[in-house]
Amino acid sequence: MSPQPVTSMLTGTDGEDYAELPDDTVRLALIVAMASNRCIGMDNMLPWRLPADLQYFKRITSGKAIVMGRTTYDSLGRPLPNRTNIVITRNHAWEGPIGTRVVHSLEAAVALAEAVAVCNAQDEALIIGGAEIYAQALPLVSRMYITEVETEVDGDAFFPVWNQAEWQEIGRERHHDEATGLDYSFVVYDRL
Ligand SMILES: NC(=O)c1ccc[n+]([C@@H]2O[C@H](COP(=O)([O-])OP(=O)(O)OC[C@H]3O[C@@H](n4cnc5c(N)ncnc54)[C@H](OP(=O)(O)O)[C@@H]3O)[C@@H](O)[C@H]2O)c1
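Residues 8 to 199 (the numbering used here) are what the sequence shown spells out, left to right.
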């Protein structure tokens, strides 16, 4: 029998599709909140408390595979619900709790995240930090969700330098946080 296109296998006899064909191209994106000086962390914590940014993070990542370094996992302290938590560590003895998937290289993390996305009919998998993982993953991602926080912070974890000329801004929403007085924007960049 000659090979059939997958679309015809998903089409009912009456010609109506009974399954949405998931596009097997999965976008690898990253999501980060950073200060104007690219600071993203201090003492293994976020440098600010912005509840609306946490809600935004939840909205963008829910249902998807998320990839994080072991240090970021430690700062979260638990797997995030309703997401496939993939943790990268060089330590083969490290075991995450139930609900985490442990891998030992970025390549393995990305392959697993993309496979999970295909299985779950998701078009996107997300790198969620921290600094070491962003630096390695930046060349691989085609979208960045950046919360640009309009402040300079004297922290110890930084987003890598990136070339704005290689990216197109496709969305920007500016907000103000009453409690901290901080202005911040949800910005989305696609690689040109
Ligand atoms: N503002 C934000 O949006 C945001 C988001 C996430 C995190 N953060 C902040 O970022 C900081 C943490 O960043 P970080 O750079 O210290 O740590 P990280 O990137 O979260 O994790 C680093 C760890 O990941 C593992 N790792 C890294 N590359 C690897 C590779 N190629 N193969 C195998 N394992 C690898 C190693 O774990 P082992 O040591 O176990 O081998 C390494 O120590 C914290 O302050 C956190 O709050 C901020």
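Even for Gly, the Cβ is constructed at its ideal location relative to N, Cα and C.
- Collapsing the DSSP output to three states places S82 in a helix.
- For V117 and Y152, the gap between their C-alpha atoms comes out near 17 angstroms.
- Along the length of the region 168 to 192, whole beta strand (DSSP E) runs at least 3 residues long occupy 174 to 183, reported in chain order.
- Assignment of beta-bridge partners to D197 by DSSP yields R150, Q175.
- At a threshold of 7 angstroms, Q143 counts as near ligand 1, since its beta carbon sits closer than that to one of the ligand's heavy atoms.
- Leaving aside the five residues that flank G137 on each side, the residues in its chain whose CB is nearer than 7 angstroms to its CB run, in chain order, I47, G48, G76, T78, T79, A164.
- Cβ-Cβ distances below 8 angstroms link G178 to F193, V194, V195 in the same chain, with the five nearest sequence neighbours on each side left out; the list follows chain order.
- By the 16-neighbour rule on beta-carbons within 10 angstroms, T187 is exposed.
- Cβ contact annotation for L133 (same chain, cutoff 6 angstroms, sequence separation greater than five): A36, I38, T68, K71, I73, in chain order.
- Counting only residues of its own chain and dropping the five nearest sequence neighbours on each side, T158 has a CB closer than 8 angstroms to the CB of A42, S43, W55, L189.
- At a cut-off of 4 residues, the continuous stretches assigned as alpha helix (DSSP H) that sit fully inside the region 23 to 78 are 58 to 68.
- Just so you know, the alpha carbons of N127 and H99 end up roughly 28 angstroms apart.
- F166 sits close to R45, with the two beta carbons spaced by under 8 angstroms.
- Under DSSP, F165 shares a beta bridge with C46.
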